[in-house]
Amino acid sequence: MGVEPQAAAIADRQSPRRLLNSTTAFSGKIWDVVSETFRLDEDGEPITREYIQHPGAVAILAMDDSERVLLLRQYRHPVRMDLWEIPAGLLDVDGEDFAVAAARELAEEADVTASTWHVLSDLFLSPGSSSEALRIYLAQGIEEVPQDERHTRTHEEAEIELAWVPLPDAVQAVLEGRIHSPSAAAAVLAAAAAKTSGYRSLRPADAPWPEHHSQHGTWPQGPVLQD
Numbered sequence: 107m108g109v110e111p112q113a114a115a116i117a118d119r120q121s122p123r124r125l126l127n128s129t130t131a132f133s134g135k136i137w138d139v140v141s142e143t144f145r146l147d148e149d150g151e152p153i154t155r156e157y158i159q160h161p162g163a164v165a166i167l168a169m170d171d172s173e174r175v176l177l178l179r180q181y182r183h184p185v186r187m188d189l190w191e192i193p194a195g196l197l198d199v200d201g202e203d204f205a206v207a208a209a210r211e212l213a214e215e216a217d218v219t220a221s222t223w224h225v226l227s228d229l230f231l232s233p234g235s236s237s238e239a240l241r242i243y244l245a246q247g248i249e250e251v252p253q254d255e256r257h258t259r260t261h262e263e264a265e266i267e268l269a270w271v272p273l274p275d276a277v278q279a280v281l282e283g284r285i286h287s288p289s290a291a292a293a294v295l296a297a298a299a300a301k302t303s304g305y306r307s308l309r310p311a312d313a314p315w316p317e318h319h320s321q322h323g324t325w326p327q328g329p330v331l332q333d
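Counting along the sequence shown from 1, when you hit position 113 you're at 219 in our numbering, and nothing is skipped either side.
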């Protein structure tokens with residue numbers, strides 16, 4: 107059996123490895139697939155992995171004064187399902203502040219704004235196959251966007267349905283396997299956990315996010331090796 111660590115010691119850590127080669131295997135409309143070869147250590151054999159190079163994203167769990175959370179239903183073609191999700195969007199505007207992007211996505215997808223923001227959770231959604239880093243915010247102090255200022259949604263977003271759901275009901279939907287979106291499931295469960303402290307344990311909206319690729323320039327990096 108392993109050594110039982112203290113709770114504060116449980117934390118993911120940065121671990122850059124020696125990169126030998128990086129090429130774009132496929133260029134897509136939204137994201138690319140890259141192929142990279144690296145070594146785990148100086149004497150290790152070269153390992154090649156392909157993964158989706160993703161710009162990252164933000165997602166928002168909007169909560170009203172009655173502690174109902176806003177869920178939206180949207181069609182997702184890869185899984186051929188209408189999924190209950192939370193508002194979210196890509197970080198595809200260079201230099202845009204993460205919280206500003208989240209506020210924009212909330213207004214565009216859900217027709218609401220929020221006056222109070224906190225970081226709810228930071229995730230890598232599929233770290234074995236994608237570089238996508240996701241930051242989930244808790245948005246409170248909800249107000250509706252005036253009708254004449256609302257964003258015109260297109261394609262799959264044009265079919266979005268909105269529902270305000272009591273937080274305990276949303277938790278039950280996750281636990282019973284009725285909600286499959288990882289961002290929605292993580293957000294709902296994190297909010298339920300944060301509720302026990304009156305949400306005072308949450309980080310501020312401008313908390314550092316060093317896991318997002320735009321912040322990697324501040325990470326210690328070893329030299330790139332070339333064969």
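Every residue, glycine too, gets a C-beta built ideally from N, C-alpha and C.
Compute the beta-carbon to beta-carbon distance between residue 271 and residue 250, rounded to the nearest angstrom, for a pair I have assumed lies under 8 Å.
Taking C-beta atoms under 8 Å as the contact rule, residue 271 and residue 250 fail to qualify, at a distance of about 17 Å.
Rounded to a whole number of angstroms, what is the C-alpha to C-alpha distance between residue 144 and residue 322?
18 Å
Could I get the ranges of all uninterrupted beta strand (DSSP E) runs contained in the segment 242 to 283, with 3 residues as the minimum, in chain order?
Runs found: 267 to 272.
Mapping the DSSP letters down to three states, classify residue 212 as helix, strand or coil.
Of the three classes helix, strand and coil, the one that applies to residue 212 here is helix, per DSSP.
Best match in 186, 316, 203 and 180 for proximity to residue 193 [C-alpha to C-alpha]
180
Taking the alpha-carbon of residue 300 as reference, which of 121, 187, 119 and 173 has the nearest alpha-carbon?
Nearest C-alpha to residue 300: 173.
Counting beta carbon pairs with one atom in the segment 234 to 241 and one in the segment 303 to 318, are three or more of them shorter than 8 Å?
yes
Runs of beta strand (DSSP E) lying entirely within the segment 145 to 193, each at least 3 residues, in chain order
153 to 159, 163 to 168, 174 to 182 and 187 to 191
What are the residues that DSSP puts in a beta bridge with residue 223?
Beta-bridge partners assigned by DSSP to residue 223: 245.
DSSP on residue 310, reduced to helix/strand/coil?
strand
Taking buried to mean at least 16 other C-beta atoms within 10 Å of its own C-beta, is residue 330 buried or exposed?
Low local confidence applies: a pLDDT of 38 at residue 330 is under 50, so the model's placement there is unreliable, and no value is given.
Determine the direct distance from the alpha carbon of residue 254 to that of residue 231, and round the result to whole angstroms.
35 Å
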